[in-house]
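Notes for the one structure printed next.
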Amino acid sequence: MRTFILLIIASLNLQLSASNTVYGGTDPYEVRLVDKSHHEMDEGLQFQIRSAMPWSSFTNAHPAWLARFDEDNFKPVRAFGPAIPTSGTDAESRAMNFIEEQLVLFNIPMEDLQMSTVTDNGKHDQAFFTQYYEGLEVMYSQAMVKMLHSGHVISWSAIVHNDIDVDITPLVSHLTVIEAASSDIPDVTDVHFTPELKILPIPKVKDYEHHLVYEVMVDAIAENGIPANYLTHVDAHTGEVLQRINQTHTFHGPECSLGEEETNPPVINANVTGEFSYPDPNYAAEAQTLSSMRVIVDGTTYFTDSEGNVTIDAIGSQSAQFFMSGTWASVVNESTGSVTNGTLELSEGDNQVDVSPLFSVDEMTAFHNTNVIHDYVNHVLPDWDGMDYPMSVNVGITPHECNAFSTGNGINFYVSGFTCVSLARVADVVFHEYGHEINDNFYNELGANFSNGAMNEGYADVWAFLPIQDPVLADGHNPQDPEDYIRRYDINPKVYPQDLVGQVHADGEIIAGAWWDTFLLLGNDQETIEELWRLHYPGLQAATFNGNEGSAYLNVLIDVLEADDDDGNILNGTPNGAAISEGFAIHGITFLATADLGHDVVESFDAFSDINIMADLGISGQFTDYLGGVLLRYRLNDSPDWVEVEMNEIGGENYEAVIPGQAPGTIIAYYMAVRDIFDNLAVVNPIGANLEDPKLPHYTLVGYELFESYDSDDEDEITGWELGIDTDEATTGIWEEVDPLGSFLNGVAVAVDQQATEGGEFCFVTGNSFNVNDGIGVNDVDAGTTTLMSEAIDLTSYIAPAFTYKRWYTNATGANPNADWWQVQVSDDGGESWVYVEDTKSSDARWRRNAFRISDYVDLTDNFMIKFNASDSLRPGTNLDGGSLIEAGLDDFMLYDRSLADGLDESEIVDQIDLFPNPSSDVVNLAFELNTASAVDLQVFSVDGRLIHSEGLGMRQGYIRHQIEVGEWAKGSYTLELQTSDGRVTRSITVR
1 MRTFILLIIA
11 SLNLQLSASN
21 TVYGGTDPYE
31 VRLVDKSHHE
41 MDEGLQFQIR
51 SAMPWSSFTN
61 AHPAWLARFD
71 EDNFKPVRAF
81 GPAIPTSGTD
91 AESRAMNFIE
101 EQLVLFNIPM
111 EDLQMSTVTD
121 NGKHDQAFFT
131 QYYEGLEVMY
141 SQAMVKMLHS
151 GHVISWSAIV
161 HNDIDVDITP
171 LVSHLTVIEA
181 ASSDIPDVTD
191 VHFTPELKIL
201 PIPKVKDYEH
211 HLVYEVMVDA
221 IAENGIPANY
231 LTHVDAHTGE
241 VLQRINQTHT
251 FHGPECSLGE
261 EETNPPVINA
271 NVTGEFSYPD
281 PNYAAEAQTL
291 SSMRVIVDGT
301 TYFTDSEGNV
311 TIDAIGSQSA
321 QFFMSGTWAS
331 VVNESTGSVT
341 NGTLELSEGD
351 NQVDVSPLFS
361 VDEMTAFHNT
371 NVIHDYVNHV
381 LPDWDGMDYP
391 MSVNVGITPH
401 ECNAFSTGNG
411 INFYVSGFTC
421 VSLARVADVV
431 FHEYGHEIND
441 NFYNELGANF
451 SNGAMNEGYA
461 DVWAFLPIQD
471 PVLADGHNPQ
481 DPEDYIRRYD
491 INPKVYPQDL
501 VGQVHADGEI
511 IAGAWWDTFL
521 LLGNDQETIE
531 ELWRLHYPGL
541 QAATFNGNEG
551 SAYLNVLIDV
561 LEADDDDGNI
571 LNGTPNGAAI
581 SEGFAIHGIT
591 FLATADLGHD
601 VVESFDAFSD
611 INIMADLGIS
621 GQFTDYLGGV
631 LLRYRLNDSP
641 DWVEVEMNEI
651 GGENYEAVIP
661 GQAPGTIIAY
671 YMAVRDIFDN
681 LAVVNPIGAN
691 LEDPKLPHYT
701 LVGYELFESY
711 DSDDEDEITG
721 WELGIDTDEA
731 TTGIWEEVDP
741 LGSFLNGVAV
751 AVDQQATEGG
761 EFCFVTGNSF
771 NVNDGIGVND
781 VDAGTTTLMS
791 EAIDLTSYIA
801 PAFTYKRWYT
811 NATGANPNAD
821 WWQVQVSDDG
831 GESWVYVEDT
841 KSSDARWRRN
851 AFRISDYVDL
861 TDNFMIKFNA
871 SDSLRPGTNL
881 DGGSLIEAGL
891 DDFMLYDRSL
901 ADGLDESEIV
911 DQIDLFPNPS
921 SDVVNLAFEL
931 NTASAVDLQV
941 FSVDGRLIHS
951 EGLGMRQGYI
961 RHQIEVGEWA
971 KGSYTLELQT
981 SDGRVTRSIT
991 VR
């Protein structure tokens with residue numbers, strides 16, 4: 001393969017703004033494939049994928065297996081469970097046999113897979129495959145099978161693509177690619193162009209785009225002097241820069257060789273030290289051992305051992321030349337451009353040698369700290385020698401910056417300044433920069449790239465704090481403030497996903513913090529945390545693009561639990577699983593998202609009866625260790641306030657909560673949620689009911705009776721539906737009443753595929769597909785709004801009517817997902833004016849039931865109407881002018897009225913009931929007339945069903961007037977109930 005290197009002479013006066021610094025600045029020249037860092041898992045879609053083929057077939061054969069799926073191609077990002085036997089003579093053949101025999105339904109393109117590496121961490125074999133399309137590497141592709149040494153499979157992934165259709169002939173010149181790669185970047189110094197083509201998948205919404213790309217490295221210099229090395233991918237068809245990543249990372253054991261063995265008796269012994277502070281300048285300077293240091297005497301090269309000792313075969317006094325370089329580090333001072341050295345006299349016998357007069361503190365600390373971290377790497381990864389070479393260490397870089405950086409070819413440190421010493425003097429900063437080199441070298445030897453920036457920064461921090469068990473990084477760097485630091489992990493834990501900001505240092509604190517807290521929860525057990533680190537490290541979790549942190553972090557948790565496991569099944573617990581699970585859960589990395597929270601909705605309850613809400617929680621093994629509980633949230637009628645109730649475990653994974661009995665004519669909205677021990681909601685039923693723009697909750701109607709309905713099949717009391725009105729602009733996807741055909745994306749329904757009525761056939765949809773093989777978007781709503789509207793309904797005979805309907809709505813696919821509205825409006829004047837019942841952009845591609853009390857929105861008249869709008873809004877100037885893929889459906893319209901006791905009309909219980917003034921802030925007068933003599937009881941309930949006031953009015957008949965003191969009640973709505981021998985009557989009171 002040829003590589004063209006072009007030297008670009010920078011003639012621009014612009015300066016590259018600060019690259020990612022120790023304090024976590026954002027690189028303005030980075031181009032991300034996609035910002036999925038704030039993408040929370042769509043549990044609804046995950047559930048749909050789990051319930052459908054091929055996963056349902058896989059779990060039928062292998063119960064208890066769990067998976068997280070790529071929501072853009074519906075294949076498992078990671079599947080794991082009890083060990084599955086497979087056959088083969090080695091790890092590669094076993095992995096291939098497992099894919100071919102067990103995963104045939106997942107459409108994995110076997111002919112495109114090539115073995116990239118097999119790792120053996122001493123406990124597991126892990127086989128990795130890379131996908132190739134017509135001979136070109138598919139970037140970020142990875143099929144993986146992880147096995148016990150017995151050959152039993154415990155996890156696998158299929159980050160592959162079986163729908164690539166790309167012309168592999170480039171259409172732009174090499175010069176165009178080079179110019180595009182370096183465009184907008186000032187102070188470019190070099191461009192390295194490789195004429196090797198690759199396929200770059202870019203995740204969209206429930207889909208991937210695949211691009212033919214060239215790879216270009218653009219070198220530049222930031223205004224602070226830090227080199228920037230931009231790995232850039234340019235579309236070979238259009239010349240567009242699709243991805244640009246800065247490969248420069250900023251901060252922010254076997255014994256050493258003793259040289260050739262000598263046979264002559266030693267006559268000169270020296271112990272070499274330097275005086276400086278360790279691990280940071282907050283500690284007093286003292287003599288520190290300098291190991292692996294090069295010493296030349298009379299033309300012969302020696303190296304100090306791990307204790308700083310060197311034995312020299314020479315007679316009499318000798319001049320010894322000491323170099324700030326050795327087996328594992330070579331320190332260059334920018335002021336001289338070479339390795340510093342100096343000469344001291346050694347006498348025959350034992351010598352205690354202080355080389356401090358020969359070298360600066362920056363040089364000595366850089367050398368010493370590099371040797372410490374090198375030896376620690378060899379201690380933790382004893383079977384890997386990828387760092388056994390002299391690391392290039394540059395110190396004294398000017399002008400001063402409170403920073404450090406690694407380039408893949410060495411680690412680099414600035415001179416000291418007023419508020420910041422050279423960070424070469426701070427051990428954990430040196431460890432961090434060296435950690436980047438470890439990460440990159442380790443992955444490169446496995447044929448992979450440590451691509452994810454947050455993982456790289458986070459794991460460099462783990463390499464920084466593990467050797468000295470200190471969660472505070474860079475303390476001692478500020479001579480003006482000894483308490484100052486740059487990052488710390490013992491306070492204010494960062495949590496996924498809410499603390500993701502798209503900046504690699506900050507986002508890396510999430511995964512690094514998970515490791516630190518796991519270490520603490522293990523009882524500061526250094527040996528165990530190092531063993532877990534060693535065993536999980538070859539898992540290639542970081543071989544993914546920036547923005548895909550969620551998948552990377554979850555894969556880390558799975559690999560750590562598998563490292564801890566002792567029986568091939570992490571779902572039944574691991575020896576340290578509780579500590580590991582909690583350590584990661586503190587940072588929002590949990591398995592609770594894989595839990596199933598089941599519930600059978602009860603659509604109606606009798607008035608004044610306790611309302612029992614039941615749920616069943618399916619959660620595996622030790623994941624209950626960080627289960628905080630299951631909660632119920634509910635609200636009444638049009639109240640905006642949710643009441644939270646803890647659900648009680650009643651055995652058999654079942655949970656129960658009770659909503660107090662309510663007066664007739666009450667609608668209760670509710671949802672349930674799994675809560676972790678840190679009060680984060682992990683799983684919500686129904687999905688999305690807790691969002692800022694929420695999906696519909698569940699509804700139950702209390703004390704209602706069905707009067708009229710329409711279901712497009714047998715029930716047709718609510719007639720006269722208008723399919724489209726004059727003001728509609730939509731050109732396709734017009735409402736129609738049909739037997740729906742549906743459309744599907746990777747087996748998941750987008751357009752309505754089944755109506756909602758039990759035993760029914762028809763419903764309303766926004767444009768039916770023309771045949772069952774149509775793709776998504778065929779006859780969806782385009783270029784405007786389509787309306788379904790009722791005729792006028794007479795409500796004058798109703799007391800407290802409620803309206804319910806079932807709807808399906810999706811706007812989550814297409815060019816501009818989640819940008820268009822679903823709207824429901826009601827009118828009491830025949831359509832002259834309208835009031836919103838729903839106005840949402842929240843997609844919910846399944847049948848969901850909404851319910852509302854009509855009087856909470858409009859008056860009860862003989863001219864009530866309801867209309868439903870699905871819209872594809874036009875926004876000129878945006879992508880495709882804002883066009884989205886919009887599908888909607890409606891079914892099961894029902895009109896209820898409040899039930900009356902024993903079938904009596906309210907007028908047969910009381911007559912002329914009045915409450916005045918209402919609203920009130922002090923006193924409400926109740927006036928009514930009883931037609932027959934009866935004992936009368938009065939009760940008042942709050943919106944959450946609590947009894948606020950109760951009194952008996954005795955035997956009464958005729959006209960009655962009674963005063964109720966409300967001055968001490970909280971502001972809000974209340975329900976007044978009058979109980980007579982003939983029945984109950986309710987009214988609303990508002991206190992203001």
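FYI, in our numbering the residues of the sequence shown are 1 to 992. Every residue, glycine too, gets a C-beta built ideally from N, C-alpha and C.
By the three-class DSSP mapping on this structure, what secondary structure does residue i have?
i       : result
Gln247  : coil
Val1033 : Only positions 1 to 992 of the chain appear in this structure, which leaves residue 1033 out of reach.
Gln979  : strand
Glu43   : helix
Val393  : strand
Leu16   : Because Leu16 carries a pLDDT of 28, less than 50, the predicted location of this residue cannot be relied on, and no value is offered for it.
Gln526  : helix
Ser257  : Confidence is the limiting factor: at Ser257 the pLDDT is only 31, short of 50, which leaves the residue's position unreliable, though a coordinate-based value still follows. Correct three-state label for Ser257: coil.
Leu171  : coil
Pro694  : coil
Pro1003 : Since the displayed the chain opens at 1 and closes at 992, residue 1003 lies outside it and no answer follows.
Ile799  : coil
Arg675  : strand
Ala127  : strand
Tyr485  : coil
Glu209  : strand
Thr878  : Caution is warranted here: a pLDDT of 41 is assigned to Thr878, below 50, making its placement in the model unreliable, and no coordinate value can be reported.
Ser116  : strand
Arg534  : helix
Phe519  : helix
Glu134  : coil
Is the beta carbon of residue i less than 8 Å from the beta carbon of residue j?
i       : j      : result
Pro281  : Val34  : no
Met865  : Gly830 : yes
Ala474  : Asp428 : yes
Leu795  : Ile776 : no
Tyr798  : Asp897 : yes
Ile467  : Ile529 : The amino acid occupying residue 467 in the given sequence is Pro; Ile does not appear at that position. It is not a contact, given that the beta carbons lie outside the stated cut-off.
Gly767  : Glu736 : yes
Met387  : Val380 : no
Phe608  : Gly661 : yes
Lys494  : His587 : yes
Ala751  : Glu838 : no
His1015 : Val205 : Beyond the ends of the chain as shown, which are 1 and 992, falls residue 1015; an answer cannot be given.
Tell me the residue span of the beta strand (DSSP E) that contains residue i.
i      : result
Val372 : Unbroken run through Val372 is the alpha helix (DSSP H), Val361 to Val380; no beta strand (DSSP E).
His233 : Pro227 to Asp235
Gln102 : Run containing Gln102: none in the beta strand (DSSP E); it sits in the alpha helix (DSSP H), Ala91 to Gln102.
Trp822 : Trp822 to Ser827
Under the assumption that residue i contacts residue j (Cβ atoms under 8 Å), give the Cβ distance between them as a whole number of angstroms.
i      : j      : result
Leu895 : Ile718 : 6 Å
Leu346 : Ala329 : Not quite, the Cβ-Cβ distance comes to about 23 Å (not below 8 Å), so this is no contact.
Ser57  : Leu105 : 6 Å
Can you tell me where the alpha helix (DSSP H) holding residue i begins and where it ends?
i       : result
Met1015 : Past the edges of the chain, shown from 1 to 992, lies residue 1015, and the structure says nothing about it.
Ser157  : Element bounds for Ser157: not the alpha helix (DSSP H) but the beta strand (DSSP E), Val153 to Ile159.
**Prompt:** Does the count of Cβ pairs from the region 713-727 and the region 915-923 closer than 8 Å reach three?
**Reply:** no
**Message:** For the region 443-452 against the region 114-129, do three or more pairs of beta-carbon atoms, one drawn from each stretch, fall closer than 8 Å, so that the two count as touching?
**Reply:** yes
**Asked** Does the pairing of the region 627-643 with the region 656-672 give three or more beta-carbon distances under 8 Å?
**Response** yes
**Prompt:** Using 8 Å as the threshold, is the region 457-470 in touch with the region 432-440, meaning 3 or more CB pairs across them?
**Reply:** yes
**Inter-stretch contact (C-beta, 8 Å, three-pair minimum) for the region 182-199 and the region 534-544** = no
**Asked** So, do the region 594-602 and the region 175-185 have three or more beta carbon pairs nearer to each other than 8 Å?
**Response** no
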